[in-house]
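Asks:
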């Protein structure tokens, strides 16, 4: 049956009205979304959590953020290397020659670290606490430690000295475990689990440079800036959806001695801060702890080997920034541009 011109006009108008109605509903949905944000000091840094929720969910979103802060505080009491009352500090004080019964959180993170010690060919190492204490970068050391001191500190390191079995941890040498290169990433993963369980669909968590993105911001992705290691601005900008972004850099904690920069990322083969022209390493992937681990390990490994090595970790990409400002990225990193 053929439509008359009048009927065609009516059908056209109905389509227009339907389109406008859908557009108005979509626009209303966007305008009904509010941003709820708060920040909290923990792990010697700032944790900022931003949730994007419906307006009538704003009050509950604030409660969810409070739950996140409480969770982080509880994990800090487990993982902190600077709090003498933390579980990690108690383990470091007693686990040499005496089995220490670890909580699930502490045991799990140590097991993960031991796994990636092997997977990174020992470039990732949580046993360097004595060496880090010797260098005391955070305390502002003004002179270099002697070769004798470095050798003595290195003798009290080694992941092979950490034995884990049935929830117990035993040190075979008087080492000191430092979880600084994994704790924030692991904690971020815990926050991700909590937020998803609470029904959060869109969120950005910035944990002292460790960034978690939940959602895709209407398909466009969230803009995440990578700091210029030698300036105040942004060196690179990424578009990120449902992923973690972790950067390790020589600009975060360092001292200048005799005109040379000495930073906090230690090389367990030399006993010195890693010295390979790398200034910043950014890793993007699904798991925050693994991104944290890889950003440190790939910093120590260096650009040339690191760009090859990242291929062993499916779903993870890396961006290197070197001391002359040059940027080098893995093959799949361009999808974040």
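Numbering (our numbering), first residue to last: 120 to 456. Built from N, CA and C at the ideal position, the CB exists for glycine as well. It should be emphasised that the depicted structure is a prediction, and the values quoted were computed from it without experimental measurement.
Looking at the secondary structure, which residues open and close the alpha helix (DSSP H) in which residue 240 lies?
Replies: The residue given as residue 240 occupies position 121 in the chain shown. Per DSSP, residue 240 belongs to no alpha helix (DSSP H) and is neither H nor E.
Asks: Quick one: what's got a C-beta closer than 6 Å to residue 176's C-beta in the same chain, skipping five residues either side?
Replies: Counting from one through the chain shown, the residue named residue 176 turns up at place 57. Taken in chain order, the list of residues that qualify is empty.
Asks: Assuming contact is defined by CB atoms lying nearer than 7 Å, are residue 418 and residue 437 in contact in what I supplied?
Replies: As a working note, residue 418 is residue 299 in the chain shown. As a working note, residue 437 is residue 318 in the chain shown. Their beta carbons are not under 7 Å apart, which means residue 418 does not touch residue 437 by this criterion.
Asks: What separation, rounded to the nearest whole angstrom, lies between the Cα atoms of residue 190 and residue 370?
Replies: What you label residue 190 is simply residue 71 of the chain shown in a count that begins at 1. What you label residue 370 is simply residue 251 of the chain shown in a count that begins at 1. Looking at the two C-alpha atoms, the distance is approximately 29 Å.
Asks: Which stretch, first to last residue, makes up the alpha helix (DSSP H) that contains residue 168?
Replies: Here residue 168 refers to the residue found at position 49 when the chain shown is read from its first residue. That residue, residue 168, is in no alpha helix (DSSP H); its beta strand (DSSP E) goes 164-173.
Asks: Please look up how many angstroms separate the CB atoms of residue 331 and residue 311, rounded, as I've assumed it's under 8 Å.
Replies: For the purposes of this step, residue 331 is taken as the residue at position 212 of the chain shown. For the purposes of this step, residue 311 is taken as the residue at position 192 of the chain shown. Contact flag correct, Cβ pair sits at about 6 Å.
Asks: Apart from the five residues just before and just after residue 233, which ones in its own chain have a Cβ nearer than 7 Å to its Cβ?
Replies: Your numbering for residue 233 matches position 114 in the chain shown. 278, 281 and 283, listed in sequence order.
Asks: Would you grab the beta carbon distance between residue 319 and residue 170 for me? Rounded to a whole angstrom, and I think it's under 8 Å.
Replies: Your numbering for residue 319 matches position 200 in the chain shown. Your numbering for residue 170 matches position 51 in the chain shown. Sure, about 6 Å apart at Cβ, within 8 Å.
Asks: Tell me whether residue 249 is buried or exposed, calling it buried when 16 or more other Cβ atoms sit within 10 Å of its Cβ.
Replies: In the chain shown, counting from the first residue as 1, residue 249 sits at position 130. It is buried - the Cβ of residue 249 has at least 16 other Cβ atoms within 10 Å.
Asks: Just the C-alpha distance for residue 362 and residue 407, rounded to the nearest angstrom, thanks.
Replies: Taking the first residue of the chain shown as position 1, residue 362 is located at position 243. Taking the first residue of the chain shown as position 1, residue 407 is located at position 288. The alpha-carbon atoms of residue 362 and residue 407 are separated by roughly 8 Å.
Asks: Please name the residue or residues paired with residue 447 in a DSSP beta bridge.
Replies: As a first step, residue 447 is located in the chain shown; it is residue number 328 there, counting from the start. Residue 447 pairs with 439.
Asks: Please classify residue 422: is it buried, with 16 or more other beta-carbons within 10 angstroms of its beta-carbon, or exposed?
Replies: Position 303 of the chain shown, counted from the start, is the residue given in the question as residue 422. Buried: at least 16 other Cβ atoms inside 10 Å.
Asks: Using a threshold of 7 Å, state whether the C-beta atoms of residue 415 and residue 162 are closer than that.
Replies: On the chain shown, position 296 is the one that residue 415 refers to. On the chain shown, position 43 is the one that residue 162 refers to. No, they are not a contact pair.
Asks: Span of the alpha helix (DSSP H) holding residue 198?
Replies: To locate residue 198, count along the chain shown from 1; it is residue 79. Start and end: 177-198.
Asks: Distance, Cα to Cα, residue 356 vs residue 168?
Replies: On the chain shown, position 237 is the one that residue 356 refers to. On the chain shown, position 49 is the one that residue 168 refers to. When rounded, the distance between both Cα atoms is 20 Å.
Asks: What are the residues that DSSP puts in a beta bridge with residue 348?
Replies: On the chain shown, position 229 is the one that residue 348 refers to. Bridge partners of residue 348: none, in fact.
Asks: Kindly indicate the opening and closing residues of the beta strand (DSSP E) around residue 267.
Replies: Locating residue 267 in the chain shown gives position 148, where the first residue counts as 1. From DSSP, residue 267 is part of no beta strand (DSSP E) but of the alpha helix (DSSP H) over 266-273.
Asks: Span of the beta strand (DSSP E) holding residue 331?
Replies: Counting from one through the chain shown, the residue named residue 331 turns up at place 212. It spans 329-333 - the beta strand (DSSP E) in which residue 331 sits, taken as one unbroken run.
Asks: For my contact list, residue 345 and residue 401 are in at a C-beta cut-off of 8 Å; report their separation, rounded to the angstrom.
Replies: The residue you call residue 345 lines up with position 226 of the chain shown. The residue you call residue 401 lines up with position 282 of the chain shown. The pair is a contact, with the Cβ atoms about 5 Å apart (cut-off 8 Å).
Asks: Quick one: using the 10 Å Cβ neighbour count with 16 as the cut-off for buried, is residue 297 buried or exposed?
Replies: Numbered from 1 along the chain shown, position 178 holds the residue referred to as residue 297. When all chains shown are included, residue 297 counts as buried.
Asks: Using the C-alpha atoms, what's the distance from residue 204 back to residue 145?
Replies: In the chain shown, residue 145 corresponds to position 26, counting from 1. In the chain shown, residue 204 corresponds to position 85, counting from 1. With a pLDDT of only 45 at residue 145, under the threshold of 50, the placement of this residue in the model should not be trusted; the figure read from the coordinates follows. Looking at the two C-alpha atoms, the distance is approximately 52 Å.
Asks: Mind listing, in chain order, the continuous beta strand (DSSP E) runs of no fewer than 3 residues lying wholly within the stretch 369-448?
Replies: Fully enclosed beta strand (DSSP E) runs of 3 or longer: 373-376, 379-382, 397-404, 436-441 and 446-448.
Asks: Measure the CB-CB distance between residue 198 and residue 302 and report whether it falls below 7 Å.
Replies: Within the chain shown, numbered from 1, the residue matching residue 198 stands at position 79. Within the chain shown, numbered from 1, the residue matching residue 302 stands at position 183. It is a contact, given that the beta carbons lie within the stated cut-off.
Asks: According to DSSP, what are the bridge partners of residue 500?
Replies: In the structure as shown, the chain starts at 120 and stops at 456, and residue 500 therefore has no counterpart that could be examined.
Asks: Buried or exposed for residue 325, please, with buried defined as at least 16 other CB atoms from any protein chain shown within 10 angstroms of its CB.
Replies: Taking the chain shown and counting its residues from 1, one reaches residue 325 at position 206. When all chains shown are included, residue 325 counts as buried.
Asks: Assign residue 315 to buried or exposed, taking buried as 16 or more other Cβ atoms, counted over all protein chains shown, within 10 Å of its Cβ.
Replies: Against the chain shown, residue 315 aligns to sequence position 196. By the 10 Å Cβ count, residue 315 comes out exposed.
Asks: Who are residue 314's beta bridge partners in DSSP?
Replies: Here residue 314 refers to the residue found at position 195 when the chain shown is read from its first residue. Residue 314 pairs with nothing; no bridge assigned.
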